[in-house]
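To start, the structure under review is shown below, and the notes come after it.
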Amino acid sequence: MLIQIQVVLQKVVLVVFSLNLFSAFLYADIGSVTSQTKAAQITRRGDKILTKVDTAVEMSDLIETLKGRTNIKFIDDTKVSVTEYSKLLIDEFVYNPEKKTGKLSLKAALGTIRYSSGKIAKNSRKNVKIKSPTASVSVRGTDFTMNVQEDGASSFLLLPSVDDTGNSYVGSIDVATLGGKVTLNKAYEATTVTSAIAAPTPPVIIQQDNAGGGKKDTPKKDNLENDQNAEDEKEEEKLDDIKIKRKEKQVMNKFLKMDDGRFVFFSKDKDNMISLIVEDGSNVTINYDNKGSIINAKMNSGTNVQFNIKQQ
1157 MLIQIQVVLQ KVVLVVFSLN LFSAFLYADI GSVTSQTKAA QITRRGDKIL TKVDTAVEMS
1217 DLIETLKGRT NIKFIDDTKV SVTEYSKLLI DEFVYNPEKK TGKLSLKAAL GTIRYSSGKI
1277 AKNSRKNVKI KSPTASVSVR GTDFTMNVQE DGASSFLLLP SVDDTGNSYV GSIDVATLGG
1337 KVTLNKAYEA TTVTSAIAAP TPPVIIQQDN AGGGKKDTPK KDNLENDQNA EDEKEEEKLD
1397 DIKIKRKEKQ VMNKFLKMDD GRFVFFSKDK DNMISLIVED GSNVTINYDN KGSIINAKMN
1457 SGTNVQFNIK QQ
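Under this note's numbering, the sequence shown has 1274 at position 118, and the numbering climbs by one with no breaks.
Below you can see the structure in the form of structure tokens.
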């Protein structure tokens, strides 16, 4: 009897020890503030922390700026700049310094974020995800900026990077939504996402100012050519809008798999949009009455949970 009690106690001690290890890992310092123009605020487990240089950051920290910019460097040399009036969540960070591999997930909720790849992106690029409310970015060892509007619409700009020897190079990023995916692989190439179900716009190169005079490097054209180009651009925008609307119709009113393995149901018209996210393997039925127009969708058998939604 005594031996059995000792075994149980050993198991209890082992469980407690494991939980302590997990807690220590979860709340470990994963980077720090390297510079800032004004203090930002970190929300951490209910506490509010004003940043200063060398303030540590942890996984699950929510970083918010007002009239200042805050620069953060993670322990794998990933660098993130959180500009004025921006919000960034450190969703996941795992790093093995011996193998220089790990996982990194960041969520930009508002404002402008600049990202510069570290060792995780170079050695475990499939494990790096940068997200906005409407899109997900897969990174292949490079720099880029993302801007998130209050309605979740997001834009992405690929930037040149510098390697350890000081040489400039251009990596690439994939910007994906439920409606499609585009790849940016040229310096200053950009795309925009208007909603989680709309495809990203085709990549375009944003002209940069010359280093000297600040004038844009664009050729001079006469008025007739400019007028014709303006008309062509309007027609292209109309065609792009039609393509986006068609793509939205293709992905609406059904369950679609997301990047994280869960499934989402979307329905949208000019006045309303609903979305319902469920776990993989769920048995769900949706009955959506949108002002008399009935929409039904099932995931698997649909016999476990039923959602009845009515729009007046």
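Just so you know, even glycine gets a beta-carbon here, dropped at the ideal spot from N, CA and C. From a predicted model like this one, the values you see are computed outputs, not experimental measurements.
Here DSSP, grouped into helix, strand and coil, assigns Ile-1465 to strand. With a 10 Å radius around the Cβ and a threshold of 16 neighbouring Cβ atoms, Ala-1184 comes out exposed. If you draw a straight line from the Cα of Ser-1242 to the Cα of Ile-1276, it is about 24 Å long.
Excluding five sequence positions before and after Val-1360, the CB atoms of its chain that fall closer than 8 Å to its own CB belong to Glu-1345, Ala-1346, Thr-1347, given in chain order.
The DSSP assignment places complete beta strand (DSSP E) segments of no fewer than 3 residues inside the region 1300-1377 at 1310-1315, 1328-1333, 1336-1340, 1345-1349, in order along the chain. For a cut-off of 8 Å, the C-beta gap from Gly-1224 to Ala-1195 is around 7 Å, short enough to register as a contact. Leaving aside the five residues that flank Leu-1412 on each side, the residues in its chain whose CB is nearer than 7 Å to its CB run, in chain order, Leu-1334, Phe-1419, Val-1420. Two segments are said to touch when three or more pairs of C-beta atoms, one from each, lie closer than 8 Å; by this definition the region 1256-1271 touches the region 1232-1247. In the same chain as Glu-1306, and ignoring 5 residues on each side of it, the C-beta atoms closer than 8 Å to its own belong to Leu-1266, in chain order. DSSP places Ala-1195 in no beta strand (DSSP E); its state is neither H nor E. A straight line joining the alpha-carbon of Ser-1237 with that of Val-1338 spans about 24 Å. DSSP, read as helix, strand or coil, puts Ala-1453 in strand. No residue range can be given for Ile-1231, since it is assigned to no alpha helix (DSSP H) and is classified by DSSP as neither H nor E.
Beyond the five residues adjoining it in sequence on each side, Thr-1190 comes within less than 6 Å, by CB distance, of Asn-1227, Lys-1229 in the same chain, given in chain order. Between Thr-1234 and the set Ser-1423, Val-1326, Asn-1279, the nearest pair of CA atoms involves Asn-1279.
With fewer than 16 other beta carbons inside 10 angstroms of its own, Gln-1363 counts as exposed. Spanning the alpha carbons of Met-1455 and Ser-1188 requires a straight line of approximately 44 Å. With a cutoff of 8 Å on beta-carbon distance, Pro-1316 and Val-1326 are scored as near each other. Collapsing the DSSP output to three states places Lys-1413 in a strand. Between Thr-1290 and Ala-1352 a beta carbon distance of about 5 Å is seen, short of the 8 Å cut, so the two are scored as contacting.
Per DSSP, the continuous alpha helix (DSSP H) segment holding Asn-1279 begins and ends at 1275-1279.
For Asp-1436, there is no enclosing beta strand (DSSP E), as DSSP marks it with neither H nor E. Between Ser-1273 and Thr-1298, the C-beta spacing is below 8 Å.
The beta carbons of Asn-1446 and Gln-1467 sit closer together than 8 Å.
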